[in-house]
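Residue numbers (my numbering), protein chains in the order written: chain A, 1 to 669; chain B, 1001 to 1535.
For each residue, glycine too, the CB sits at the ideal point set by N, CA and C.
Predicted, not measured: the structure shown is a model, and the values here were computed from it.
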Amino acid sequence: MSAVTDQDPTEHTGRPKGTARGDDRRADRSPGEHGHRGEPAAATAPGRRDPRREREQERERVYARGGDARGTDGAPSRRGERAGHGDREERDRPRGTPSEGADCADAWDDGLIARRASETDGGQQLPGVSRPAPCAPDAPPLAYDGPLRARLDALRELVGLSRTRLDNGTLAEAGRVLDEAGARRRLSGRHTVVALAGATGSGKSQLFNALAGVTISETGVRRPTTAAPIACSWSDGAAGLLDRLGIPGRLRRRPLQYPDVEAQLRGLVLVDLPDHDSAAVQHREQVDRILALVDAVIWVVDPEKYADALLHERYLRPMAGHAEVMFVVLNQIDRLPGEAADQVLDDLRRLLDEDGVALGEYGEPGANVLALSALTGDGVAELREALGQFVAERGAPARRIAADVDGAAGRLRPVYVTGRRAGLSEEAREEFADRLADAVGATAAGEAAERAWLRNAGRACGTPWLRLWRWYLDRREPPTGRLPLRVQADEEATARQRVEQAVRIVADRASAGLPVPWAQAVREAAVRGAQGLPEALDELVATAGLPPGRPPRPGWWPVAVFAQACMTLVQVVGGLWLLGQIIGFMSPNLGVPVLLMLSGIIGGPVIEWSCRMAARGPARRYGQEAERRLREAAAGCGRARVLDAVAAELLRYREVREQYGRVTGAGAR
Amino acid sequence: MVTLDVRPQLLDALSALRDRVAAARFPLPLAGAPRARANRDELLAQLDDYLMPRLKEPEAPLLAVIGGSTGAGKSTLLNSLVGRRVSEAGVLRPTTRTPVLVCHPEDHHWFSGPRILPELTRVWVPHQDPGDDLLLPGENPARVLRIETADTLPPGLALLDAPDIDSLVAGNRVLAAELLCAADIWVMVTTAARYADAVPWHLLRTAKEYDATLVTVLDRVPHQVVSEVSRQYAALLTKAGLGDVPRFTVPELPESAWGGGLLPATAVAPLRSWLVQRAQDPAARQDAMARTAHGLLDSLKSRMPELASAAAAQYAAALRLTAAVDGAYDSEHARVRGRLQAGAVLAGDALKRWRAFPLDCTARELLDALTESLAALLLCAVTAADERVDEAWRHEPAAHTPELTGRGISPARAEHRIGMAVRRWRRELEEYAEEEVREVDRSVAPDPEVVAALVATALLGGRRARPAGEGLAERIGAHGALRLRDRGGRLLSEYVDGVVHRERERRLASLDALDIHPEPQAELIAALSVLQKER
């Protein structure tokens, strides 16, 4: 509670100075121009201005593109606005690390003791701190190096590409990282903002004062002591950075001027934070907000609290990726007897290691772990030296942003990467074609055509006597299957259920290795493509099938028919001849007529049989042709409507996946 | 003055209530479920480890549990109270991994048995070598309770050093909470650096909620600031409504520093005498005990309905999930029936066969095609229903549990089951056809297979298959045809209903296995009301 009351007068007293400065700036500016372009950066770095403007315009374009997709949602569009007019937005996000905070609150909600934490959490919001316009940095703005810039661009692109597929909540953090990267880039590159964070009573303020060489921040036994962040900058031009942190002018200080110290820590902006673990919830909100904005953090722990679960689970573990911009300082070693300090320091190292924080030992990049006593001054010089080196490198802001990008990419990983191969295999395509062929009845149609051809051949080339017999049978038997009314074209020749199932299976196959949102998109594309597919197949069956009516007659049929007729004629002639001999009309000569008749009787079936043998091949070809035509027509239709849509969606995914690879740096390095 | 009179009815009611609480399950991952589970475990621990044993044996020694944040100096405090090193203290955190219980040798039998904290393995160590490796090999350090005896403690009082309540080791946190549940007196230790920390305050608020007998100790206060810090702490306590809680201040002394020796007796004397008075003065003892017990009984009034409502929420979520399945399968069932009526089965392959029948296609082939097509229709309906269920469940947080998301139905298995059902239907239909054919008195009996194919076509082909019906009538007579179609139709709808029903049951099986019923809610409330009546 006390923090709120502290904060408000702070605001009021801080206001006149800030607004006055802001008004001056605004007066300089032509009305249509955006705030940050009004800054006289051109005076110091004219050449760098153009590409920056280009990137900003592109960034606005991305947001404008995304804007219609998320028109109803307030928060993101507000962010879009911020991208344009970065100076006038309200800082209404109390938590700097939103997802981490939520997760940890859950993880912490595990028992008698901790569970009441969630009740008090989030009830009170930090009063909005409106930020004055960034003042003219007389220092050149920050410039990111090539790979980081490429990764940021890739992330921006990725967010733009994913807007339609992922919900805003998923992309919120990536958007935040982009915003912060943009905001930081516009501000001084010569300064490094370092926050002192830690539990209540760990001696943050004491260390702050020790580093500044003068009592700036109030220290005391009253817990919690520091209610609002206090900043101290070792060189000029950091006003914009402090504006960004929302630290009012009243709480900005300068260190005691010693020439050597001044030179050592030039460019350092130190921020003393309130505690993160006291019962005052507003303190934690402030800490979370500022931790998301600073370039580096010094975690101050003491021998009593260095193993607090809150510190490790809520802050160090989620921020493990930021190890390179992290100092962990064990304070109050004067309270430890003898070699206990080393023991505790080792234990602290072990705990940090378990948290996944890389330790900067043996020259490897990672968190710097130091032991010191702010009270006696033991070890403060080492910290000062390490800080001086760290600040002089000027790499912290970029490293912090890179770690942010890593973190955002890591959290987005499940929606982009599954680790399995995705895509539409050739078998899946073929199976889909087979199922569609089934749906239109290609196999049955082919077989029917083959048999009809054979039947016609048999009828055409059979002996006349057989035909006579069949005709007779037909007259006796009731006609069942051959009713002409069945041949009418009907509306639903395609099996709907089979088409539906085929589409479902091919969509499942195609989306098998994809992350959930993209799998959903693939499925939707397939279903959308499948609309009207059965009707199209109906039409195809009507047009692409074999021409109606009798199958074509091959050229050798008349010959066969003629041969059959000859055989019959021979039989008749032989018979008549024989008859003539029997009735004595002709001279008896049994041999020739019997031979004639026999050859006729045997020859007819022989011809019929050989015709059937000869017809088999063409019949099969005819049937296969019929099947093939249907199958290809159906497959073509399915490909055009469903497979192409699915492949397009897969291609979009692949594109996004590549972009994601670029964000993680795999593609760039 | 609160007294504690215990009647057997009360004990019965309590044990009934305990069983109800133990039976409550919250398997669906709803928003409130983890909380409800924690509440249930906590309540169970309090009932089992404190309330029941205390009511059964009011003469058992008082148990004071020393709890607090990591590094607050709990072990040092315990050692100083006892007068010798019983619990390891040190600079590395967390120090105490194994809880230590100290009591008078005469009281040892109260704690060595499973009267309280039965799930902790007891380790009894003789006086000589504290601080050595005390764990039996293979023993989980978190599930061990070390028991020490000390003559310096008065009989009737036991002290327990709990692990830190905000430990980095999650198991310690749970254990600390569990141990506090068993306490008659909660001794909360905090330090000058910590007294404003959020975590201990949550615990203090909990203690207030349960109205437990509570003592707070402000430890490690550098002595130049003793008065200021303790004044501020008192102000904070008063603000939280805990102004009347006994408060003791222990200054930071060189001896206390980081695992060294014991604090001088004078530093802990007020606390010690307060505790000893609780143990030895019968009235104070009765008061301390009854207050915690009654506080717990009173807290049931709000905690049981909370559990009951969580149980109700589980049931409601289960109903919603079931309704989603029912809705999906019902609508797919209706669609299947509609399509059967419309003759959707006689399409594609089957239609081509029928067009070729009987000239270029045998009856068997026609039947094959029809059964295959029918199976495809049913499989399509079932998978579509499944997909709708998945879609509906995706929006239900309750369904995001491995038991439910691990798909019960694999398409291949479903295809197999449906294929079996359809083939059985076909066989029965063929039998019907044979029966009908046998009754036909004609010189040339029609082929039963042809009859079966025709009746199947007539049943499945809708309007399109009218010629099949006519053909059937010609073969076995109008009367026989009507009868056969009737029976076949009944058989068909029976089988279709059966398939859809079976698949639905299969889908619901995973949900049923979670065993969520409406009864726990009512039972919890009923047990509470019985208890209220008996008090």
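Quick one, which of A/A502, A/A150 and A/R421 has its alpha-carbon nearest A/G690's? Residue 690 of chain A is absent from the model: chain A starts at 1 and stops at 669.
Between which two residues does the beta strand (DSSP E) containing B/L1030 stretch? Careful: B/L1030 lies outside any beta strand (DSSP E) and carries neither H nor E.
Does chain A have any CB closer than 8 Å to the CB of B/E1228? Yes, B/E1228 lies at the interface with chain A (some Cβ there is under 8 Å from its Cβ).
If you run the structure through DSSP and keep just helix, strand and coil, what is B/W1186? DSSP places B/W1186 in the strand class (E or B) of the three-state scheme.
Please say whether A/I601 and A/R564 have beta carbons closer to each other than 8 Å? Looking at the sequence itself, residue 564 of chain A is Gln, so the reference to Arg does not match. No, the pair does not count as a contact, with Cβ atoms beyond the cut-off.
What residue from B/A1317, B/A1269, B/L1180 and B/A1526 has the CA that sits closest to B/L1296's CA? Residue B/L1180 is the option with its Cα nearest to B/L1296.
Is A/F208 helix, strand or coil when you go by DSSP? Helix at A/F208.
For A/D334, which three-state DSSP category applies? In the structure shown, A/D334 adopts helical secondary structure according to DSSP, grouped into three states.
Contact defined as beta carbons within less than 8 Å: I believe A/R411 pairs with A/E173. What is the distance between those atoms, to the nearest angstrom? Right, their Cβ atoms sit about 6 Å apart.
How close, in whole Å, do the beta carbons of B/A1481 and B/A1473 come, if the pair is a contact with beta carbons under 8 Å? Contact flag correct, Cβ pair sits at about 4 Å.
Report yes or no: is there a C-beta of chain A within less than 8 Å of the C-beta of B/W1201? Interface residue, yes.
From B/R1485, B/W1393 and B/V1444, pick the residue whose C-alpha is nearest to that of B/P1029; which is it? Looking at the Cα atoms, B/W1393 is the closest of the given residues.
Which residues, in order along the stretch 1351-1384 of chain B, keep a beta-carbon less than 9 Å from a beta-carbon of chain A? The residues in question are L1351, K1352, R1353, W1354, R1355, A1356, F1357, P1358, L1359, D1360, C1361, E1365, A1369, E1372, S1373, A1376, L1377, L1378, L1379, C1380, A1381, T1383 and A1384.
Would you say B/G1488 and B/L1346 are within 8 Å of each other, going by their C-beta atoms? No.
Taking the alpha carbon of A/V325 as the point to measure from, which residue in A/L359, A/R314 and A/V177 has its own alpha carbon closest? Answer by Cα proximity: A/L359.
Contact under 8 Å by Cβ, B/L1145 with B/A1064: No. Outside cutoff.
Closest Cβ-Cβ distance between A/G201 and chain B: below 8 Å? Output row for A/G201: interface = yes.
Counting beta carbon pairs with one atom in the stretch 1508-1524 of chain B and one in the stretch 1305-1319 of chain B, are three or more of them shorter than 8 Å? Contact between the stretch 1305-1319 of chain B and the stretch 1508-1524 of chain B is present, because at least three Cβ pairs lie under 8 Å.
Below-8 Å beta-carbon distance, B/L1214 vs any chain A residue: Taking Cβ atoms only, chain A never reaches closer than 8 Å to B/L1214, which makes this a no.
Neighbourhood of B/C1361 by C-beta distance below 6 Å, restricted to the same chain and skipping five residues each side: Listed in chain order, the non-local C-beta contacts of B/C1361 below 6 Å within the same chain comprise R1353, local neighbours out to five positions each way being set aside.
Under a three-way DSSP split, which group does A/L242 fall into? A/L242 falls in the helix class under three-state DSSP.
Sheet register partners of A/F390 (DSSP bridge): A/F390 has no beta-bridge partner at all, per DSSP.
For the pair the stretch 601-620 of chain A and the stretch 418-428 of chain A, tell me if three or more CB-CB distances fall below 8 Å. Counting Cβ pairs under 8 Å, fewer than three are found: no touch.
Would you say B/T1191 lies against chain A (beta-carbon separation less than 8 Å)? Interface residue, yes.
Rounded distance between the beta-carbons of A/S202 and A/D347, thought under 8 Å: In fact, because the Cβ distance is near 16 Å, the residues do not count as touching under 8 Å.
According to DSSP, is B/D1133 helix, strand or coil? With a pLDDT of 43 at B/D1133, under the threshold of 50, the modelled position of that residue is not reliable, and the figure given next carries that caveat. B/D1133: coil per DSSP, three-state reduction.
At a CB distance below 7 Å, what residues from the stretch 493-506 of chain A approach chain B? Give them in sequence order. Of all residues in the stretch 493-506 of chain A, A493, T494, A495, R496, Q497, R498, E500, Q501 and R504 have a Cβ within less than 7 Å of some Cβ in chain B.
Going by DSSP, what residues sit across from A/D378 in a beta bridge? The bridge partners DSSP lists for A/D378 are A/S373.
Report, in whole angstroms, the separation of the C-beta atoms of A/P274 and A/V287, which I expect to be a contact under 8 Å. With 8 Å as the limit, A/P274 and A/V287 qualify as a contact, their Cβ atoms being about 6 Å apart.
From A/E627 to A/A442, what distance separates their C-alpha atoms? Going by C-alpha positions, A/E627 is about 5 Å away from A/A442.
Is A/G529 helix, strand or coil by DSSP? The three-state secondary structure of A/G529, taken from DSSP, is helix.
Closer than 8 Å at the beta carbon, the chain B residues around A/G366: By Cβ distance, chain B contributes nothing, its closest Cβ being about 20 Å from A/G366, past 8 Å.
Output the boundary residues of the alpha helix (DSSP H) element that contains A/T170. It spans N168 to R186 - the alpha helix (DSSP H) in which A/T170 sits, taken as one unbroken run.
Nearest to B/E1252 by CA position, among B/T1076, B/P1058 and B/E1059, is which residue? B/T1076 is the residue among B/T1076, B/P1058 and B/E1059 whose C-alpha sits nearest the C-alpha of B/E1252.
If you run the structure through DSSP and keep just helix, strand and coil, what is A/W465? If DSSP states are grouped into helix, strand and coil, A/W465 belongs with the helices.
A/D438 versus chain B: which residues are under 7 Å apart at the beta carbon? Within 7 Å Cβ-Cβ: G1348 and D1349.
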